[in-house]
Amino acid sequence: AQSVSQHNHHVILSEAASLELGCNYSYGGTVNLFWYVQYPGQHLQLLLKYFSGDPLVKGIKGFEAEFIKSKFSFNLRKPSVQWSDTAEYFCAVLASNSGYALNFGKGTSLLVTP
Amino acid sequence: NAGVMQNPRHLVRRRGQEARLRCSPMKGHSHVYWYRQLPEEGLKFMVYLQKENIIDESGMPKERFSAEFPKEGPSILRIQQVVRGDSAAYFCASSPLDLNTGELFFGEGSRLTVL
């Protein structure tokens with residue numbers, strides 16, 4: 002079945018640690034890829050997106066993600082996390098064969114400790 | 614600039630009652646999407662609407678669920694004869710253009726609890 006997989010459901014890091022959140026998808030065809038973030042008590046907001054071009058995408062707040070087509074992956078990275086990065090992170094895929102449905106992973110809950 | 618507004622934020626219904634969830638998109642946005650998040654699950658696409666038109670309802674349950682986006686007023690997601698399994702967070706999102714060219718702007722969600 003077509004899906005978006007986020008392998009880490011809960012991640013706990015100390016401030017200044019490096020972060021990598023995995024995302025794999027199983028959709029064929031052309032894909033647009035997104036990472037959304039939901040800070041505590043707030044709405045979902047876009048962190049970064051990939052449509053085409055350079056597979057290394059830079060987003061807000063020092064986040065970046067790399068699209069590796071051969072691995073069907075779009076992992077999110079940040080070299081040094083801050084306490085304010087504590088949030089829920091969602092990977093999402095818009096596939097050319099899935100109509101208008103943005104398909105989300107189950108999310109990864111990140112807790113950054115001081 | 615007001616974001617996507619959803620109301621109510623929390624709704625409690627007994628089995629068999631109707632639930633109506635409202636969504637006002639961001640100003641200037643004419644594309645509205647509804648998503649559902651069940652406990653321990655990711656967001657699942659339900660329906661995509663433009664003004665007065667349902668474009669894609671492939672994610673809507675076949676019965677009891679309906680959505681509209683009238684020419685005037687908010688988009689409405691309506692659930693008739695609710696059951697416990699309908700308990701979830703329902704998120705609305707809007708965009709100014711087709712999703713293939715942009716991003717979604719989400720509301721804070723409406724949390725439905727069915728007793």
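Chains G and H supply the protein sequences, listed in that same order. For the first sequence, the numbering used here gives the first residue as 2, with consecutive numbering after it. For the second sequence, the numbering used here gives the first residue as 614, with consecutive numbering after it. Each residue gets a CB set at the ideal place from its N, CA and C atoms; glycine is no exception. Source: prediction; values computed, not measured.
Looking at the structure shown, is residue i part of a helix, part of a strand, or coil, going by DSSP?
i	result
residue 669/H	strand
residue 53/G	coil
residue 46/G	strand
residue 28/G	coil
residue 112/G	strand
residue 4/G	coil
Between which two residues does the beta strand (DSSP E) carrying residue i extend?
i	result
residue 623/H	623 to 626
residue 11/G	11 to 15
residue 618/H	618 to 620
residue 632/H	632 to 637
residue 723/H	723 to 727
residue 37/G	32 to 39
residue 22/G	20 to 22
Please list, in chain order, all residues of the same chain as residue i whose beta carbon is under 8 Å from its beta carbon, the five residues on each side excluded.
i	result
residue 1/G	There is no way to answer for residue 1/G, as the model of chain G reaches only from 2 to 115.
residue 99/G	3 and 28
Might you give, ordered along the chain, the residues of its own chain that have their beta carbon closer than 6 Å to the beta carbon of residue i, omitting 5 neighbours on each side?
i	result
residue 60/G	48 and 49
residue 694/H	629 and 677
residue 52/G	33
residue 110/G	11 and 89
residue 17/G	81
Take residue i and list the residues in its own chain whose beta-carbon comes closer than 7 Å to its own, dropping the five residues that flank it on each side.
i	result
residue 697/H	628 and 727
residue 684/H	664 and 665
residue 721/H	619 and 622
Exercise for review: Mind listing, in chain order, the continuous alpha helix (DSSP H) runs of no fewer than 4 residues lying wholly within the stretch 644 to 701 of chain H?
Suggested key: none
Check your understanding: Is it true that the stretch 49 to 65 of chain G meets the stretch 78 to 96 of chain G, where meeting means three or more beta-carbon pairs spaced less than 8 Å apart?
Key -> yes
Practice item. Evaluate the contact criterion for the stretch 104 to 113 of chain G versus the stretch 640 to 658 of chain H: three or more CB pairs, one atom per stretch, below 8 Å. Key: yes
Review point. Counting pairs of Cβ atoms below 8 Å between the stretch 617 to 632 of chain H and the stretch 25 to 36 of chain G, do you hit three or more?
Key: no
Practice item. Could you name each continuous beta strand (DSSP E) segment of 3 residues or more that falls completely within the stretch 55 to 110 of chain G, going from the start of the chain to the end? Key: 57 to 59, 65 to 69, 74 to 79, 88 to 96 and 103 to 105
Point to revise | Cβ contact (3+ pairs, closer than 8 Å) linking the stretch 4 to 20 of chain G and the stretch 41 to 54 of chain G | key: no
Practice item. Pair every Cβ in the stretch 622 to 635 of chain H with every Cβ in the stretch 689 to 708 of chain H, then say whether three or more of these pairs are closer than 8 Å. Key: yes
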